[in-house]
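Our numbering puts the sequence shown at residues 236 to 482.
By construction, the Cβ of each residue, glycine as well, lies at the ideal position given by its N, Cα and C atoms.
Note that this is a predicted model, so its numbers are computed, not measured.
Worksheet: one structure, shown below.
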Amino acid sequence: MGVRTLERGLEVLRHLADGEKTLKELAREGGLSKSTLYRLLSTLVRTGFAEEKGGRYRVGPVAFAVGQAYRARSLSEAARPWMVWLRDQTGESVNLAVRSGLEALYVDQVEGLQLVRLFTAPGTRAPLHATGVGKVFLAYGEVPEGLSLKPYTPYTKTEKEALFEELAWVKAQGYALDNEERELGVRCVAAPIFGPGGEVVAALSLSAPASRLSEAAAHELSPKVREAALKVSLHLGYRPEYTGLSR
């Protein structure tokens with residue numbers, strides 16, 4: 236592979252970092268012919284640096300692992316001790332996620348202490364509208380145009396008005412719930428992790444079987460989840476006066 240080809244491939248990846256795009260959109264943004272772009276994308280898909288589904292391309296798992304290595308390591312190093320603390324306080328699995336385009340991407344987990352516990356492998360993607368971490372990203376960020384409100388269970392919110400109402404509640408309360416909206420029998424509590432400028436850089440969530448974690452119990456555990464997320468935020472340089480998270 237020549238240097239010029241490598242440069243073009245990296246430029247394509249930079250465009251994909253903004254979110255899913257079609258071949259036509261990438262050609263327009265990158266100023267490349269569709270034939271050249273198609274060859275580059277085919278190579279990126281084959282090597283795992285990009286993914287293609289239904290004619291739309293997005294960053295692949297290999298690109299994420301390479302491009303986010305420093306950020307993920309720094310974030311995980313800051314979060315790990317408080318993820319372990321939260322796990323020890325509750326006995327339940329604790330997850331760390333970042334936003335990746337139109338999805339949430341799990342980057343770390345501390346497994347629960349219970350005999351029956353939930354496992355989410357790092358690298359797993361999840362919808363924004365049907366997960367606790369996803370709702371955190373939507374509430375503290377922007378709801379993108381064309382966001383799919385696909386129903387995963389009977390409890391998934393598929394109406395924009397209902398979702399927007401809940402997102403306002405999430406931002407007011409400082410945490411989000413997943414009430415069996417992504418998977419039946421699974422309930423989660425999630426809270427935002429803020430960076431130095433008050434921006435949300437990640438989300439921390441506690442997940443458990445719904446049979447063990449009722450909705451009422453999830454609300455009761457929310458202060459511990461928020462406390463762990465705040466401790467991580469402080470480690471990253473966040474100051475509580477930005478959002479009033481410390482209340």
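Rounded Cβ spacing between residue i and residue j (contact assumed at less than 8 Å)
{"i": "T325", "j": "K466", "result": "The pair is not a contact, with the Cβ atoms about 15 Å apart (cut-off 8 Å)."}
{"i": "A437", "j": "V333", "result": "5 Å"}
{"i": "L439", "j": "V329", "result": "7 Å"}
The alpha helix (DSSP H) enclosing residue i, as first and last residue numbers
{"i": "A451", "result": "450-470"}
{"i": "R281", "result": "269-281"}
{"i": "E246", "result": "238-251"}
{"i": "R263", "result": "258-265"}
{"i": "A407", "result": "395-408"}
Distance, residue j Cα to residue i Cα
{"i": "Y273", "j": "S446", "result": "49 Å"}
{"i": "L337", "j": "G254", "result": "7 Å"}
{"i": "A365", "j": "A356", "result": "18 Å"}
{"i": "G483", "j": "T271", "result": "The structure shown does not extend to residue 483, since the chain is modelled only from 236 to 482, so the question has no answer here."}
{"i": "L441", "j": "R239", "result": "46 Å"}
{"i": "R461", "j": "V424", "result": "9 Å"}
{"i": "A403", "j": "S268", "result": "44 Å"}
{"i": "Q344", "j": "V378", "result": "26 Å"}
{"i": "T359", "j": "W317", "result": "21 Å"}
{"i": "K256", "j": "G420", "result": "34 Å"}
{"i": "P386", "j": "L363", "result": "12 Å"}
{"i": "Q349", "j": "I428", "result": "26 Å"}
{"i": "L331", "j": "A339", "result": "10 Å"}
{"i": "E264", "j": "L251", "result": "10 Å"}
{"i": "E450", "j": "Y375", "result": "23 Å"}
Closer than 8 Å: residue i CB and nearest the ligand MG heavy atom
{"i": "V421", "result": "Ligands in the displayed structure: none, and consequently the ligand MG is not present."}
Run of the beta strand (DSSP E) containing residue i, from where it starts to where it stops
{"i": "Y292", "result": "291-294"}
{"i": "V371", "result": "Note, V371: premise wrong, no beta strand (DSSP E); alpha helix (DSSP H) at 367-375."}
{"i": "L412", "result": "411-414"}
{"i": "V333", "result": "328-335"}
{"i": "P427", "result": "421-429"}
{"i": "R360", "result": "360-362"}
{"i": "P444", "result": "435-444"}
{"i": "E338", "result": "338-345"}
Of the listed residues the options, nearest to residue i (C-alpha basis)
{"i": "T391", "options": "A252, G432, V238, E416", "result": "E416"}
{"i": "E418", "options": "P444, E286, G409, V342", "result": "P444"}
{"i": "V342", "options": "A361, L350, E327", "result": "A361"}
{"i": "G472", "options": "L448, A452, E455, V435", "result": "V435"}
{"i": "P453", "options": "P475, A411, I428, G430", "result": "The displayed chain sequence assigns Ala, not Pro, to residue 453. The candidate whose alpha carbon is nearest that of A453 is A411."}
{"i": "G432", "options": "P475, L321, L261, V247", "result": "P475"}
{"i": "F372", "options": "T388, L321, A426", "result": "A426"}
{"i": "L248", "options": "V297, G237, L321", "result": "V297"}
{"i": "S383", "options": "L340, E394, K259", "result": "E394"}
{"i": "S277", "options": "L258, G265, T388", "result": "L258"}
{"i": "T388", "options": "G347, H470, D413, A262", "result": "D413"}
If contact is defined by three or more beta carbon pairs under 8 Å, each pair taking one atom from either stretch, is the segment 392-408 in contact with the segment 281-292? no
inquiry  = Is it the case that the segment 311-329 contacts the segment 275-288, given that we only count it when at least three CB pairs across the two stretches are under 8 Å?
reply    = no
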